[in-house]
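Structure record follows, encoded as structure tokens.
In the numbering used here, the protein residues as written are 368 to 722.
So this is what it looks like as structure tokens:
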């Protein structure tokens, strides 16, 4: 089922006719919708206040905190969609992988996955493993009303890279060594992670998420031939697993200019574009039948209102001929960003695109 169809047996919800979902479905919109990756986070003083003394993974497992943090940018900025506050390693933690998110470092895995025997540690994820997600999304949809909630998960390649490397990496030497040196083990690892990821997205959709985004944060490290052969099948499996729900599926990676067509080919309805490729060129690479999301350089927000508006206008002009456009940054909001700059940007995009 495509995102243009209402899910079988389900009546249109309060969010169905929102600008965000209309843009994802490539329908006419009252204005270009805006949301920001990492809009709920360290750039907001109210976020830092509620997170004080609470570890990252603990905050992801508390429905009250998840609800409050997810709502904060909606209240402050007036964005057209909320994104569920979590982390891409949450489903791995939920199935028993010994990992932690260390401040200033990121996710660190105690025992990296390097052998076929290690695959046995990656069991299926059940809704009971993440009951706090279902509870939090129920609370959020009650609060959000007509504002859509985006669920999300990490893509199999990025999750595999964390698991194999044991933490963040600049070279991905262990992950790529497995991909090139033991392609069957690599394929089995990504296939297992595709099932876990699909299960995590299904929980979010069934709880009330109006759209989902798959983050393949590290996919830009791959050549197109390697992505097609060694990564695309697993990402396609995730997208196919949630296709029947009829919610828009977004695919985003950083440094993926050479992969944009493949990101769309994997099954997304909307392809996220970072700031390196203009949206009109991205549309040519992706091909017809997909909406695009993006793609203001996050660092522009440090340059002052006039510069922000100039660069935002360039993005909007580049997107003028698109079938569907969701305005976003080309990556996440940086922690030291002035929140007022984001609020002004939302207002500017809405004013400039009002139909």
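We put the CB at the ideal spot given by N, CA and C, even for glycine.
Nothing here was measured: the structure is a model prediction, and the numbers come from that model.
_Coil, strand or helix - residue 384 by DSSP_ = By 1-based counting over the chain shown, the position of residue 384 is 17. If DSSP states are grouped into helix, strand and coil, residue 384 belongs with coil.
*Looking at C-alpha atoms only, which residue of 437, 449, 633 is the closest neighbour of residue 600?*
As a working note, residue 600 is residue 233 in the chain shown. Minimum Cα distance to residue 600 is reached at 633.
*Local Cβ density within 10 Å of residue 435, reported as buried at 16 or more and exposed below that*: Numbered from its first residue, the chain shown carries residue 435 at position 68. So residue 435 counts as buried.
*Below 8 Å on the Cβ atoms is my guess for residue 524 versus residue 568; work out the distance and round it to an integer in Å.*
Translated into the one-based positions of the chain shown, residue 524 becomes position 157. Translated into the one-based positions of the chain shown, residue 568 becomes position 201. At roughly 16 Å, the Cβ-Cβ gap does not stay under 8 Å, so residue 524 and residue 568 are not in contact.
*How long is the line joining the alpha carbons of residue 646 and residue 390, rounded to whole angstroms?*
As a position in the chain shown, residue 646 is number 279, starting the count at 1. As a position in the chain shown, residue 390 is number 23, starting the count at 1. Going by the C-alpha atoms only, they are around 15 Å apart.
*Assign residue 370 to one of three DSSP states: helix, strand, or coil.*
Here residue 370 refers to the residue found at position 3 of the chain shown. The predicted position of residue 370 is uncertain, since its pLDDT is 48 and thus under 50; no value can be drawn from it.
*Beta-carbon separation of residue 661 and residue 636 under 8 Å?*
Taking the chain shown and counting its residues from 1, one reaches residue 661 at position 294. Taking the chain shown and counting its residues from 1, one reaches residue 636 at position 269. Contact: no.
*Quick one: is residue 619 buried, meaning 16 or more other Cβ sit within 10 Å of its Cβ, or exposed?*
Taking the first residue of the chain shown as position 1, residue 619 is located at position 252. Residue 619 should be labelled buried.
*Should residue 669 be labelled buried (16 or more other beta-carbon atoms within 10 Å of its own) or exposed?*
Counting from 1 along the chain shown, the entry for residue 669 is found at position 302. The residue in question, residue 669, is exposed, as its Cβ has fewer than 16 Cβ neighbours within 10 Å.
*My understanding is that residue 649 touches residue 663, with C-beta atoms under 8 Å, so please give their C-beta distance in whole angstroms.*
For the purposes of this step, residue 649 is taken as residue 282 along the chain shown, with counting starting at 1. For the purposes of this step, residue 663 is taken as residue 296 along the chain shown, with counting starting at 1. Their Cβ separation, rounded to whole angstroms, is 13 Å, which puts residue 649 and residue 663 out of contact at 8 Å.
*Please state whether DSSP places residue 617 in a helix, a strand or coil.*
Mapped onto the chain shown, residue 617 falls at position 250. Of the three classes helix, strand and coil, the one that applies to residue 617 here is strand, per DSSP.
_residue 609 and residue 579 closer than 8 Å at C-beta_ = Counting from 1 along the chain shown, the entry for residue 609 is found at position 242. Counting from 1 along the chain shown, the entry for residue 579 is found at position 212. The answer is yes: Cβ separation under 8 Å.
*Please confirm if the stretch 401-408 is in contact with the stretch 694-713, defined as three or more CB-CB distances below 8 Å between the two stretches.*
yes
*In the structure shown, what three-state DSSP assignment does residue 449 receive?*
Along the chain shown, one-based indexing puts residue 449 at 82. Strand, per DSSP.
*Using the rule of at least 16 other Cβ atoms within 10 Å of the residue's Cβ for burial, across every protein chain shown, is residue 684 buried or exposed?*
Looking up residue 684 in the chain shown gives position 317. Answer is exposed; the Cβ neighbour count stays below 16.
*For residue 515, which of 387, 551, 693 has the nearest alpha-carbon?*
Here residue 515 refers to the residue found at position 148 when the chain shown is read from its first residue. The shortest C-alpha separation from residue 515 is found at 387.
*asked:* Using a Cβ distance threshold of 8 Å, determine whether the stretch 528-537 contacts the stretch 590-607, with at least three qualifying pairs required.
replied: no
_Run of the beta strand (DSSP E) containing residue 431, from where it starts to where it stops_ = Here residue 431 is taken as the residue at index 64 of the chain shown, counted from 1. Careful: residue 431 lies outside any beta strand (DSSP E), inside the alpha helix (DSSP H) at 430-444.
*Would you check if the stretch 424-431 and the stretch 476-490 touch, i.e. whether three or more CB-CB distances between them fall below 8 Å?*
no
*Touching or not, the stretch 504-515 and the stretch 541-558, by the rule of three or more beta carbon pairs under 8 Å?*
no
*Look at residue 694 and residue 682 and say whether their C-beta atoms are less than 8 Å apart.*
For the purposes of this step, residue 694 is taken as the residue at position 327 of the chain shown. For the purposes of this step, residue 682 is taken as the residue at position 315 of the chain shown. Cβ distance < 8 Å, so residue 694 and residue 682 count as in contact.
*With 16 other Cβ atoms within 10 Å as the buried cut-off, status of residue 453*: By 1-based counting over the chain shown, the position of residue 453 is 86. Residue 453 is buried by the Cβ-count criterion.
*Would residue 659 be called buried (16 or more neighbouring beta carbons within 10 Å of its own) or exposed?*
Position 292 of the chain shown, counted from the first residue, corresponds to residue 659. It is buried - the Cβ of residue 659 has at least 16 other Cβ atoms within 10 Å.
_Own chain residues within Cβ distance below 8 Å of residue 628, not counting five before or after_ = Along the chain shown, read from residue 1 onward, the residue named residue 628 stands at position 261. 652, 653, 654.
*Who are the near neighbours of residue 574 in its chain, counting only those whose CB is closer than 7 Å to its CB and skipping five residues on each side?*
Along the chain shown, one-based indexing puts residue 574 at 207. Hits under 7 Å: 500, 501, 504, 505.
_Distance, residue 673 Cα to residue 582 Cα_ = The sequence position of residue 582 within the chain shown is 215, counting from 1. The sequence position of residue 673 within the chain shown is 306, counting from 1. Cα to Cα, residue 582 sits roughly 31 Å from residue 673.
*First and last residue of the alpha helix (DSSP H) that includes residue 467?*
Residue 467 sits at position 100 when you count from the first residue of the chain shown. Here residue 467 belongs to no alpha helix (DSSP H); instead the beta strand (DSSP E) covers 466-469.
*Based on Cα-Cα distance, which residue from 549, 395, 474 lies nearest to residue 691?*
Locating residue 691 in the chain shown gives position 324, counting from the first residue. Closest option to residue 691, Cα to Cα, is 395.
*asked:* Alpha carbons only, please: which of 472, 517, 564 is nearest the one belonging to residue 527?
replied: As a position in the chain shown, residue 527 is number 160, starting the count at 1. Comparing Cα-Cα distances from residue 527 to each of 472, 517, 564, the minimum goes to 564.
*Can you tell me which of 494, 541, 631, 530 puts its alpha carbon nearest to the alpha carbon of residue 571?*
Sequence index remark: in the chain shown, residue 571 carries index 204 (1-based). Nearest option by C-alpha distance: 494.
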